[in-house]
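Undergrad: Numbering (my numbering), first residue to last: 1356 to 1499. Backbone N, C-alpha and C define an ideal beta-carbon position, used for all residues, glycine too.
1) Where are the alpha helix (DSSP H) runs, 4 residues long or more, that stay fully inside the segment 1423-1454, in chain order?
2) Can you tell me which of 1382, 1462, 1473, 1474 puts its alpha carbon nearest to the alpha carbon of residue 1489?
3) Is it buried or exposed for residue 1498, if we count other Cβ within 10 angstroms and need 16 for buried?
4) Look at the alpha carbon of residue 1493 and the alpha carbon of residue 1480, and state the distance between them as a whole number of angstroms.
5) Measuring straight from C-alpha to C-alpha, what distance separates residue 1485 and residue 1385?
6) Rounded to whole angstroms, what's the CA-CA distance from residue 1476 to residue 1465? Just pull it up for me.
7) Between which residues of its own chain and residue 1491 is the CB-CB distance below 7 Å, once the five residues before and five after are set aside?
8) For residue 1475, which residues does DSSP report across the bridge?
9) Which term fits residue 1478, buried or exposed, when burial requires 16 or more other beta carbons within 10 angstroms of its beta carbon?
10) In whole angstroms, what separates the C-alpha of residue 1435 from that of residue 1423?
11) What are the boundary residues of the alpha helix (DSSP H) that includes residue 1481?
12) In whole angstroms, what separates the C-alpha of residue 1482 from that of residue 1471?
13) So, at 8 Å on beta carbons, what are the nonlocal neighbours of residue 1468 in its own chain, with the 5 sequence-adjacent residues on each side left out?
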């Protein structure tokens, strides 16, 4: 490039035409194909799934609630806490584990974790965990 005397040198940059990345075409093709995969409005509504075996009831009758809380308070008043829903929810979680496992050592370990409190962050110990498990089985999910 030659500069004329008295004029500043201006360099022109040659721009290369930008080609779209090679992934654009496959992505666009996939989007077009997926947009065609919709459910027809005439599809039947699927039937509800019914599980075999006893279920874990969400709300017990009041007598079972009271007996469960009394059992926990007899083991250790702190287990029950000031929130009865907390204890009931932990019991239901334990029932789900009971339903899925016959390993008593694992169930006791889960009870230790589930029923831990701020003053007992590591649980209440093996003896109390066994009593908690007994109360859960007797009052929260006796059908299991």
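TA: A quick look at the data gives this:
1) The qualifying runs are 1432-1435.
2) If you compare the alpha carbons of 1382, 1462, 1473, 1474 with that of residue 1489, the shortest gap goes to 1462.
3) Residue 1498 should be labelled exposed.
4) When rounded, the distance between both Cα atoms is 20 Å.
5) Rounded to whole angstroms, residue 1485 to residue 1385 spans 56 Å at the Cα level.
6) The alpha-carbon of residue 1476 is positioned some 13 Å away from that of residue 1465.
7) Around residue 1491: 1446, 1449, 1450.
8) Residue 1475 is bridged to 1472.
9) Residue burial is scored here from C-beta neighbours: residue 1478 has at least 16 other C-beta atoms within 10 angstroms and is therefore classed as buried.
10) Between residue 1435 and residue 1423, the alpha-carbon positions lie close to 9 Å from each other.
11) Counting along the chain, the alpha helix (DSSP H) containing residue 1481 begins and ends at 1481-1490.
12) C-alpha of residue 1482 to C-alpha of residue 1471: approximately 14 Å in a straight line.
13) Closer than 8 Å at the Cβ level, and outside the excluded window around residue 1468, lie 1478.
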